[in-house]
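One structure below.
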Amino acid sequence: MRRFDFARLTQPIENHMGIAILVFVVVFCGLSAAKFEYKGSLGGDAVQYVKGAYHLAVQGVYNNSSDRDDTQPGHSRAPGYAFFLTGFFKAFPQLSEGGAKWLFPPEGEKRQSHPALVYVKYVQALLLLATAFMTAWLVWDYTNKRLPAYWTLWFVGFHPFLTRYTERLYREVLIAFLIIAFTLALYLAIKYRKLLMYPVAGLVLGFLTLTSPQWKYIGIVSLTAAGLCLVLRRDAVFKGLAGLVVLAVAWGAVFYPWELRNQEYFGRKFIATGGGVVLEIRSQYNLMPDSAFWASFAYWSRAPIFKKSLKKYADEEIYAPLVRETGIYRTAKNKMAALADEKGELAADLQLKKEGIERILQNPWKHLRMCIPIAFRLMMNPMFSVLYIGVYYLFFLTIYRSLGRHDWLLAALLASPVALFGLNVLASHGLPRYNGPAAPLLVLGAVLAFALPSKTSSGKLT
């Protein structure tokens, strides 16, 4: 029996890489253009982001108010994505014409998306395309192999999570773009000693933090990992550490003024509220009975066969706490709404955050136990379900190997997804989209697990 020769099969791609890349771009652009709709409803978090952009563009004040004429500053959402959307309100004045009745409909009418918002989807597709190319370039520059880089284009460009969110007015694609842009800038700064890349990385990290406040903490991990990398590599340590200081200053220069703005208006420094209800949900999940704990693996698997089997063969009370519409999630949301009506949104958020932390500290072992299904939930994928855990395995395998090879730069670059995953495991209720924007770096790690030798240092960055 003849052995399958994969190298021979892929040789035409190697020999005609320019044409192969063109095929990818044509397929990507063609499918993206074909699937985007010019009309439809507008719901979920997208409404809050679009309202924030409207108020910024028209009133010059950031808030998410349902009153189109409200000029009071707001704080409930991180402003980065709204800043991004504001550009479209400026570029397409028809979005604001007539009081934007499509966004602020009369009572009894359904809110509709505006046809001009389709251009947001086109731009998000271009951001995903750029993200795919940046990730592929990192693979190519690291391995000096073109074929793994080429497959990376397809894995990132057609990643089920990312392609799904190019069609939505959500921040996830922008976050993914900023994550890989920050990683690329840091890589260039350290490996090639491009000092200009340190402030560039800081500015990107700053806007990333304004878009996803988690990065206020993840950024600290990234900078610490980069500093350790510089020291352990013993190469231009002083210049590198000075560059990290510049990076940190640039980072703070972007997001810290927003914290000062909130301190002026609301009495304390923060980027956005919302953490309180997340901790409330998580702390209540910790207290679920054992039956719900075990049922969560099937309920959160994103595999229809498991969830349908659970609903068919198990009593409803077993998985009742997990049901989004009636369980712990909805109870926490209702509690937040009631407290906000009574005390105001900021005070309600602080109270829920305090209660959630106290509940977690009172039940530490239950909290740690709940980290297992939360981690499982975070690793789910809308298309591949539990099989996507394999991508995480390969990613962590690459980190393990990089540490074994003393490849400190690769380990430092991959530290941010680890920090993101760990933070979400410990302090969230584990919605898969919380981890979704890190997909390009997960793909990077998974591809390198195959592209690099496992026992030699020939792939080590120098």
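For the sequence shown, the residue numbers in our numbering are 977 to 1438.
Even for Gly, the Cβ is constructed at its ideal location relative to N, Cα and C.
These numbers come from a predicted model, not from an experiment.
Looking at the strands, I want to know which residues DSSP matches up with residue i.
| i | result |
| --- | --- |
| Phe-1190 | As written in the sequence, residue 1190 is Gln, which differs from the Phe given in the question. According to DSSP, which records beta bridges pairwise, Gln-1190 is partnered with nothing at all. |
Given a cut-off of 8 Å, decide if residue j and residue i are closer than it, judged by their beta-carbon atoms.
| i | j | result |
| --- | --- | --- |
| Lys-1245 | Leu-1255 | no |
| Ile-1151 | Leu-1105 | no |
| Trp-1276 | Arg-1169 | no |
| Leu-1263 | Lys-1342 | yes |
| Ala-1324 | Leu-1315 | yes |
| Ile-1336 | Ser-1259 | yes |
| Gly-1252 | Lys-1329 | yes |
| Ser-1272 | Pro-1349 | yes |
| Phe-1242 | Leu-1326 | no |
| His-1051 | Ala-1248 | yes |
| Pro-1416 | Val-1132 | yes |
| Val-1367 | Leu-1399 | no |
| Lys-1097 | Phe-1012 | yes |
| Ile-1155 | Pro-1413 | yes |
| Leu-1223 | Pro-1265 | no |
| Leu-1018 | Gln-1100 | no |
| Lys-1283 | Ala-1274 | yes |
| Leu-1363 | Val-1115 | no |
| Tyr-1305 | Ile-1365 | no |
| Asn-1411 | Leu-1390 | no |
Who are the Cβ neighbours of residue i in its own chain at under 6 Å, not counting the five residues just before and after it?
| i | result |
| --- | --- |
| Leu-1181 | Phe-1158, Gly-1195 and Trp-1227 |
| Leu-1103 | Val-1149 and Phe-1153 |
| Val-1401 | Cys-1347, Ile-1350 and Ala-1351 |
Can you find the residues in the same chain that come closer than 7 Å, C-beta to C-beta, to residue i, ignoring five residues on each side of it along the sequence?
| i | result |
| --- | --- |
| Ala-1202 | Leu-1162, Ile-1166, Leu-1220 and Ala-1388 |
| Gly-1303 | Ala-1296 and Pro-1297 |
| Glu-990 | Arg-1122 and Leu-1123 |
| Lys-1436 | A caution first: Lys-1436 carries a pLDDT of 47, below 50, which makes its placement in the model unreliable, though a value can still be read off. Here the set comprises Arg-1381 and Asp-1383. |
| Pro-1189 | Ala-1054, Ile-1247 and Ala-1248 |
Out of the options, state which residue places its alpha-carbon closest to the alpha-carbon of residue i.
| i | options | result |
| --- | --- | --- |
| Ala-1296 | Trp-1270, Asn-1400 and Asp-1325 | Trp-1270 |
| Met-1356 | Gly-1380, Ala-1279, Leu-1379 and Ala-1067 | Ala-1279 |
| Thr-1187 | Leu-1223, Ile-1294, Val-1230 and Val-1096 | Val-1230 |
| Arg-1044 | Phe-1153, Pro-1055, Thr-1139 and Lys-1027 | Lys-1027 |
| Ala-1422 | Thr-1374, Val-1362 and Arg-1144 | Thr-1374 |
| Leu-1093 | Gln-1239, Pro-1175 and Pro-1069 | Pro-1069 |
| Asn-1039 | Arg-1209, Leu-1206 and Asn-1238 | Asn-1238 |
| Asp-1021 | Val-1115, Tyr-1141, Tyr-1095 and Ile-995 | Tyr-1141 |
| Leu-1386 | Leu-1018, Ser-1198 and Thr-1047 | Ser-1198 |
| Gly-1320 | Ala-1218, Leu-1061 and Gly-1250 | Gly-1250 |
| Phe-1450 | Leu-1164, Ala-1425 and Asp-1211 | Outside the shown range of the chain, which is 977 to 1438, sits residue 1450, and nothing can be said about it. |
| Phe-1109 | Trp-1130, Gly-1036 and Thr-1119 | Trp-1130 |
| Leu-1204 | Glu-1334, Asp-1046, Leu-1145 and Leu-1379 | Leu-1379 |
| Tyr-1057 | Glu-1318, Thr-1047, Asp-1291 and Tyr-1025 | Tyr-1025 |
| Val-1299 | Thr-1047, Ala-1268, Leu-1079 and Asp-1117 | Ala-1268 |
Can you name, in chain order, every residue of its own chain whose Cβ lies under 8 Å from the Cβ of residue i, other than the five neighbours on each side?
| i | result |
| --- | --- |
| Phe-1072 | For clarity, residue 1072 is Ser in the given sequence; the question names Phe instead. The answer, listed in chain order, is Tyr-1030, Ala-1033, Val-1034 and Phe-1065. |
| Trp-1113 | Ala-1125 and Leu-1160 |
| Pro-1408 | Phe-1137, Arg-1278, Arg-1353, Leu-1354, Met-1355, Met-1356, Asn-1357 and Pro-1358 |
| Thr-986 | Leu-1123 |
Quick check on residue i: does DSSP put it in helix, strand or coil?
| i | result |
| --- | --- |
| Tyr-1241 | helix |
| Leu-1390 | coil |
| Leu-1437 | Confidence is the limiting factor: at Leu-1437 the pLDDT is only 43, short of 50, which leaves the residue's position unreliable, though a coordinate-based value still follows. Looking at Leu-1437 - three-state DSSP - the assignment turns out to be coil, as it is neither helix nor strand. |
| Val-1419 | helix |
| Phe-1317 | Residue identity differs from the one stated: residue 1317 is Asp in this sequence, not Phe. Looking at Asp-1317 - three-state DSSP - the assignment turns out to be helix. |
| Trp-1078 | coil |
| Glu-1083 | coil |
| Ile-1196 | helix |
| Ser-1042 | coil |
| Asn-1120 | coil |
| Ser-1272 | helix |
| Thr-1302 | coil |
| Met-1264 | coil |
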